[in-house]
Amino acid sequence: MIIYISSGLPLGVTYAVPPTAVELDQLNCHYIPHVLTMMTQQRLKITNSDMTLHNVHAWSEKNPQFNIGQPVKDMVSFATFAYPEMPLVIRDDVHRWKTAFVGVFDHPFHTVSKSGGLFELQLPAGYYEITAWHEKYGQKTMMVGVVDNERRVINITFTPNDK
């Protein structure tokens with residue numbers, strides 16, 4: 064699940080792009096991780112850790128699409144995205160079951176839930192709309208107010224009847 068601030072951030076503020084690349088590996092014919100987040104202009108490092116041909120096909124709607132073959136084990140390709148996009152879908156045309164979902168944001172207030180759905184976002188004081196997105200159940204939003212140095216617990220629940 065991807066959790067992010069969907070509104071409430073101050074307008075006109077730009078955030079520094081992290082210098083480290085986000086990594087997407089192809090291992091045992093699966094994308095690892097299956098869901099990830101990154102910032103616009105941050106590098107995405109895509110590695111083929113298998114001894115078979117893999118294909119990296121970005122089915123983006125706001126960013127230029129790309130379709131890269133990775134025929135060799137340990138082959139590495141890089142990509143960046145100029146525009147926020149949620150979700151940006153990456154598929155493998157050779158191994159049709161392989162899909163990765165990427166949340167691309169122009170701010171650093173996003174994360175992926177851990178096992179069991181737990182997540183943590185560190186936010187400056189303010190009033191925000193938080194969106195949680197799940198590949199099967201869609202998305203839910205809620206408004207959250209944050210004061211300085213406050214630790215809040217919020218619950219966003221998806222059920223099988225969602226979507």
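Each residue of the sequence shown is one higher than the last, beginning at 64 in the working numbering.
Ideal Cβ placement from N, Cα and C applies to all residues, glycine included.
Treat the numbers as computed from the prediction; the structure is a model and nothing was measured.
Apart from sequence neighbours up to five positions away, the residues of its chain that approach residue 191 with a beta-carbon distance below 6 Å are 68, 71 and 207, ordered along the chain. Nearest to residue 120 by C-alpha distance, out of 85, 160 and 101, is 160. Three or more beta-carbon pairs separated by less than 8 Å are not found between the region 121-133 and the region 190-205, which leaves the two stretches without contact. Distance from the Cα of residue 130 is smallest, within the candidate group 137, 122 and 184, for 122.
Pairing residue 216 with residue 164, the inter-Cα distance amounts to about 26 Å. Rounded to whole angstroms, the separation of the alpha carbons of residue 147 and residue 183 is 21 Å.
Along the region 143-188, the beta strand (DSSP E) occurs as fully enclosed runs of 3 or more residues at 148-154, 162-168 and 173-175, listed in sequence order. Excluding the 5 residues flanking it on each side, residue 64 has same chain C-beta neighbours closer than 6 Å at 176, 195 and 197, in chain order.
The Cβ atoms of residue 102 and residue 134 do not sit closer than 8 Å to each other. Per DSSP, the beta bridge partners of residue 121 are 129 and 153. With 16 or more other Cβ atoms inside 10 Å of its own Cβ, residue 100 counts as buried. DSSP, reduced to helix, strand and coil, places residue 199 outside both helices and strands of the structure shown, so it counts as coil. Straight across, the Cα-Cα distance linking residue 211 with residue 132 is about 48 Å. Residue 213 carries a coil assignment under DSSP once its states are collapsed to helix, strand and coil. Its chain contains 67, 100 and 166 as the residues whose beta carbon lies nearer than 6 Å to that of residue 173, once the 5 sequence neighbours on both sides are disregarded; these appear in chain order.
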